[in-house]
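Shown next, in structure tokens, is the structure this report addresses.
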Amino acid sequence: MTGQTEKMTGARALIECLYREGVDTIFGYPGGALLPIYDEIYGSKIRHVLVRHEQAAAHAAEGYARATGKTGVCIATSGPGATNLVTGIANAYMDSIPIVAFTGQVPSSMIGNDAFQEANITGITMPITKHNYLIQDAKELPRIIREAFHIASTGRPGPVLVDLPKDITTEEIDFYYPDRVELRGYNPTYHGNIQQIKKAASMIKDSKNPVIYAGGGVISSDAAAELRKFAEKVQAPVTTTLTGMGGFPGDHPLFMGMPGMHGSKYANYAIQESDLLIAVGVRFDDRVTGKLKSFATNAKVIHIDIDPAEISKNVKVDVPIVGDAKWILSHLVKYAERSQSEDWLKKIGHWKEQYPLHYIEPETGDGIKPQYIIRKINEICKDAIIVTDVGQHQMWAAQFFQYREPRTFISSGGLGTMGYGFPASIGAKVGRPEKVVISISGDGSFQMNSQELATAVQANVPVIITIFNNGYLGMVRQWQELFFDKRYSQTCIQNSVDFVKLAEAYGALGIRAIRKDEVQPAIEQAIASGRPTVIDFVIEGEENVSPMVPAGAAINEILDLERKG
Amino acid sequence: MRHTLSVMVENKHGVLTRVAGMFSRRGYNIDSLTVGVTEDPTISRMTIVVRGDDEVLEQVTKQLNKLIDVIRVTDLKSEETVERELALFKVNSDVSNRSEIMQIADIFRARIIDVAPRSLIIEVTGDEAKINAIEQLLRPFGIREMVRTGKIALRRGTKNVSS
């Protein structure tokens with residue numbers, strides 16, 4: 002393909018590489034070490050979204066990747082610019098999201114001298130990237146960038162960082178973009194072992210109480226349709242983890258909601274009484290399993306995952322099938338037959354009636370319950386992309402919204418990064434402009450990256466930020482209430498900010514809703530405005546996320562914490 | 107339980123840090139680690155002695171394989187492997203006991219590689235047990251300093267570790 006070469010600088014070559022990788026948007030912030038690159042961005046065909054803090058660039062790249070399925074790209078300068086990306090990179094690593102982060106670096110000759118704005122970012126990010134590179138020879142730049150995109154997006158996806166010393170970006174090279182990537186140490190398995198698949202099929206056929214436990218791997222391998230076909234054929238109920246939301250239709254009769262700490266009671270009971278757990282693209286996270294020793298003790302475990310290191314990491318697996326979830330499910334469905342689940346599905350049906358996810362509407366007054374807002378959003382714009390921050394609102398968003406399609410729920414799962422949601426929603430909206438994108442946030446989380454209002458306004462990205470404003474760092478407050486005798490140490494943040502004025506100060510639309518009857522008009526006004534909008538929902542202060550499995554307990558030891566009034 | 111892993115890696119800067127960092131981050135214990143280039147100059151071989159049960163070994167192997175720069179990991183079973191370690195001992199010694207120490211060195215086919223009025227340096231190669239044994243015998247004279255390379259290993263016979 003690329004027979005002839007062309008002379009160009011490293012910075013120009015970087016842009017050429019991005020074109021060839023199909024990158025149309027990058028999220029970034031300029032700086033001294035990046036000047037040659039930003040000079041090339043100026044006038045290029047690539048859309049650059051200028052954030053106000055580099056952390057937001059990493060989160061936005063991730064939100065973009067999650068919403069589109071493409072690899073997200075962010076760029077930050079050397080030193081503090083690079084270190085500000087770290088939280089976003091760690092977040093992408095924990096949730097296996099493909100992003101490529103470019104960082105400026107001081108000139109090669111100054112590396113190691115504690116130069117101005119120097120940080121050893123490859124050293125810092127080694128444990129939180131799938132792989133990273135410091136380019137030491139400008140000639141290697143195209144090959145390295147080719148490899149970076151390949152590594153980020155294949156196998157178990159993840160973040161890759163490329164550190165670009167300034168002299169590398171000004172040096173002239175003969176540009177040549179390799180057709181193929183040759184990495185002898187990297188060769189992910191896509192095709193599952195057919196013998197293992199047949200073994201799994203025969204176990205499913207004999208199973209009376211099967212449960213499908215599906216996670217983020219279903220989303221990243223684009224396997225939602227295959228999962229649905231499989232679940233329907235074998236008639237097994239499905240629970241999806243936080244990162245797996247949307248991997249199975251939320252309104253499907255076989256759907257049981259989320260498992261684990263704030264999962265539905267019936268999902269947890271089903272796992273505990275299951276005789277066969279079919280795990281797909283999950284990693285048996287502690288928020289799902291609770292006390293490991295008591296987790297699904299009656300169940301044989303089939304584990305489908307692309308990462309062999311996840312097999313038997315936390316829970317002993319009887320039938321591992323390593324490979325791509327989409328490929329494996331599409332083959333498994335051919336061999337699988339209906340399980341013996343008639344009575345089991347009836348039992349789960351009873352549990353669903355007996356222990357529904359619910360909350361108690363206030364008997365008097367017209368205050369707003371947070372769950373009510375989520376249900377309203379679900380009614381008004383069921384096709385929206387929901388992006389959450391971290392805390393109580395995140396759990397309510399997972400519990401009370403029905404995600405019908407993959408890539409419609411975007412949340413910080415593994416790392417639990419407050420401040421993630423709003424910048425990630427900017428990335429999602431940039432990637433999917435035709436979608437209504439709603440950031441569900443708390444008054445705590447939103448303030449961790451509220452400066453990005455400037456980004457949304459300047460780049461004209463009309464996301465809707467809903468602040469579930471309870472005046473507390475609500476999840477921590479809930480734990481203090483339950484386990485620390487209501488000693489609310491440093492979790493009360495009441496009356497700190499007027500979010501409507503804050504929105505207006507940035508040139509965004511600000512709406513406040515205090516009464517229940519204001520919820521729907523606020524959402525409708527925000528959608529109709531076509532502008533970045535902040536809705537300050539003033540909600541009940543001490544509402545709890547319910548149900549809840551206390552830390553360290555078995556997942557069937559699940560408590561009701563709903564609050565009256 | 108101790109295992110000897112032969113790990114073929116890309117001969118690039120930073121690879122040792124990636125491997126060592128993975129061990130420390132995941133809480134695995136390294137007893138020894140040696141690294142050097144192989145017959146192919148683009149590949150280095152790390153010989154890592156790691157402590158842990160079979161489950162730990164399985165995780166270590168998988169986590170090593172996840173590193174992009176790791177090409178192949180082989181668990182070397184001691185019965186089909188030759189293992190060697192090199193050690194240098196600087197031992198207190200003067201005319202009164204020099205010949206006694208040299209006799210010990212002879213028994214172990216060790217070599218005296220430096221002689222000073224009050225000390226000797228002894229070089230010895232062998233498996234771990236042999237080096238432990240000579241260390242025990244030299245200790246009464248006073249070991250001023252010692253250094254061990256850590257274990258290196260190859261599979262016996264024509265078959266390569268990497269095949």
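Here the protein sequences line up with chains A and B, keeping their order.
So for the first sequence, our numbering puts the first residue at 2; every next one is plus one.
So for the second sequence, our numbering puts the first residue at 107; every next one is plus one.
Built from N, CA and C at the ideal position, the CB exists for glycine as well.
As the structure is a computational prediction, the values presented were derived from the model and not from experiment.
Beta-carbon proximity of residue i to residue j, cut-off 8 angstroms
| i | j | result |
| --- | --- | --- |
| residue 1 of chain A | residue 58 of chain A | Outside the displayed range of chain A (2 to 566) lies residue 1 of chain A, so it cannot be described from this structure. |
| residue 305 of chain A | residue 329 of chain A | yes |
| residue 236 of chain A | residue 313 of chain A | no |
| residue 111 of chain B | residue 187 of chain B | no |
| residue 159 of chain A | residue 99 of chain A | yes |
| residue 310 of chain A | residue 275 of chain A | no |
| residue 472 of chain A | residue 495 of chain A | yes |
| residue 1 of chain A | residue 87 of chain A | An answer regarding residue 1 of chain A cannot be provided, because it is not within the stretch 2 to 566 covered by chain A. |
| residue 282 of chain A | residue 216 of chain A | yes |
| residue 605 of chain A | residue 320 of chain A | Past the edges of chain A, shown from 2 to 566, lies residue 605 of chain A, and the structure says nothing about it. |
| residue 270 of chain A | residue 557 of chain A | yes |
| residue 232 of chain B | residue 138 of chain B | no |
| residue 397 of chain A | residue 375 of chain A | yes |
| residue 63 of chain A | residue 85 of chain A | no |
| residue 551 of chain A | residue 52 of chain A | no |
| residue 134 of chain B | residue 166 of chain B | yes |
| residue 162 of chain A | residue 78 of chain A | no |
| residue 174 of chain B | residue 113 of chain B | no |
| residue 14 of chain A | residue 143 of chain A | yes |
| residue 258 of chain A | residue 400 of chain A | yes |
| residue 462 of chain A | residue 411 of chain A | no |
| residue 120 of chain A | residue 83 of chain A | yes |
| residue 288 of chain A | residue 261 of chain A | yes |
Beta-carbon neighbours of residue i, restricted to chain A and to distances below 9 angstroms
| i | result |
| --- | --- |
| residue 151 of chain B | Within 9 angstroms Cβ-Cβ: nothing; residue 151 of chain B doesn't reach chain A, min ~14 angstroms. |
| residue 108 of chain B | In chain order: nothing, as chain A lies at least about 21 angstroms away. |
Under 8 angstroms by beta carbon: chain B residues contacting residue i
| i | result |
| --- | --- |
| residue 309 of chain A | 168, 171 |
| residue 218 of chain A | In chain order: nothing, as chain B lies at least about 15 angstroms away. |
Chain A contact residues for residue i, given Cβ-Cβ distances below 7 angstroms
| i | result |
| --- | --- |
| residue 175 of chain B | 186 |
Amino acids of chain A, ordered along the chain, whose beta-carbon sits closer than 8 angstroms to that of residue i
| i | result |
| --- | --- |
| residue 165 of chain B | 310, 314 |
Q. Quick check: the stretch 248-255 of chain A against the stretch 182-190 of chain A, are there 3 or more CB pairs under 8 angstroms?
A. no
Q) Are the stretch 126-138 of chain A and the stretch 442-458 of chain A touching, with three or more C-beta to C-beta distances below 8 angstroms? A) no
Q. On the three-pair Cβ rule with 8 angstroms, is the stretch 200-219 of chain A touching the stretch 343-352 of chain A?
A. yes
Q. Counting pairs of beta carbons, one from the stretch 159-172 of chain B and one from the stretch 187-200 of chain B, are three or more of them closer than 8 angstroms?
A. no
Q: Can you check the stretch 100-183 of chain A for any beta strand (DSSP E) of at least 3 residues that lies completely inside it and give the ranges in chain order?
A: 100-106, 132-135, 161-166, 173-176
Q | Residues within the stretch 100-132 of chain A neighbouring chain B, beta-carbon criterion of under 9 angstroms | A | 123, 124, 127, 128, 131, 132
Q: Could you tell me whether the stretch 165-180 of chain A touches the stretch 8-15 of chain A, using the rule of 3 or more Cβ pairs below 8 angstroms?
A: Yes, they touch.
(Q) Along the stretch 290-314 of chain A, where does the CB come closer than 9 angstroms to a CB of chain B? Name the residues. (A) 308, 309, 310, 311, 312, 313, 314
Q: Pair every Cβ in the stretch 108-115 of chain A with every Cβ in the stretch 58-76 of chain A, then say whether three or more of these pairs are closer than 8 angstroms.
A: no
Q: Output, in sequence order along the chain, the residues in the stretch 142-159 of chain A whose CB is closer than 8 angstroms to any CB in chain B.
A: Along the stretch 142-159 of chain A, the positions whose C-beta sits under 8 angstroms from a C-beta of chain B are 152, read in chain order.
Q. Is the number of C-beta pairs between the stretch 532-548 of chain A and the stretch 390-405 of chain A that are closer than 8 angstroms three or more?
A. The stretch 532-548 of chain A is in contact with the stretch 390-405 of chain A.
Q: Please go through the stretch 308-360 of chain A and give each complete beta strand (DSSP E) segment of 3 or more residues, from N-terminal end onward.
A: 320-323
Q: Could you run through the stretch 111-126 of chain B and flag, in chain order, every residue whose CB is less than 9 angstroms away from some CB of chain A?
A: 114, 115, 116, 119, 120, 123, 124
Q. Mind pulling the beta strand (DSSP E) runs of 3 or more residues that sit fully within the stretch 359-396 of chain A?
A. At a cut-off of 3 residues, the continuous stretches assigned as beta strand (DSSP E) that sit fully inside the stretch 359-396 of chain A are 386-389.
(Q) Against chain A, which members of the stretch 124-148 of chain B pass a CB distance test of less than 7 angstroms? (A) 124, 127, 131
Q. Quick check: the stretch 361-373 of chain A against the stretch 505-520 of chain A, are there 3 or more CB pairs under 8 angstroms?
A. yes
Q) Taking three-plus beta-carbon pairs below 8 angstroms as touching, is the stretch 227-245 of chain B in contact with the stretch 189-200 of chain B? A) Because the criterion of three Cβ pairs below 8 angstroms is met, the stretch 227-245 of chain B and the stretch 189-200 of chain B touch.
**Q.** Unbroken stretches of the alpha helix (DSSP H), 4 residues or longer, contained in the stretch 8-75 of chain A
**A.** 11-21, 36-42, 55-69
Q: Write down every uninterrupted run of the alpha helix (DSSP H) in the stretch 230-285 of chain A whose length is 4 residues or greater and which is fully enclosed by it, in chain order.
A: The DSSP assignment places complete alpha helix (DSSP H) segments of no fewer than 4 residues inside the stretch 230-285 of chain A at 266-274, in order along the chain.
Q. Can you list the alpha helix (DSSP H) stretches of 4 or more residues lying completely in the stretch 181-264 of chain B, in chain order?
A. 204-213, 234-244
Q.
I'd like the ranges of any alpha helix (DSSP H) spanning at least 4 consecutive residues and lying wholly in the stretch 438-462 of chain A.
A. 444-447, 454-459
Q: Ignoring anything shorter than 4 residues or poking outside the stretch 463-550 of chain A, list the alpha helix (DSSP H) runs there in chain order.
A: 475-484, 500-506, 520-530
(Q) Restricting to runs no shorter than 4 residues, where is the alpha helix (DSSP H) found entirely within the stretch 180-209 of chain A? (A) Counting only runs of 4 or more, we get 195-207.
Q) Is the stretch 435-454 of chain A in contact with the stretch 410-421 of chain A, if contact means three or more CB pairs nearer than 8 angstroms? A) yes
Q. Given 8 angstroms as the limit, is there contact between the stretch 213-223 of chain B and the stretch 138-147 of chain B, that is, 3 or more CB pairs closer than that?
A. no
Q.
Contact between the stretch 431-446 of chain A and the stretch 347-362 of chain A is defined here as three or more beta-carbon pairs at a separation below 8 angstroms; is this criterion met?
A. no
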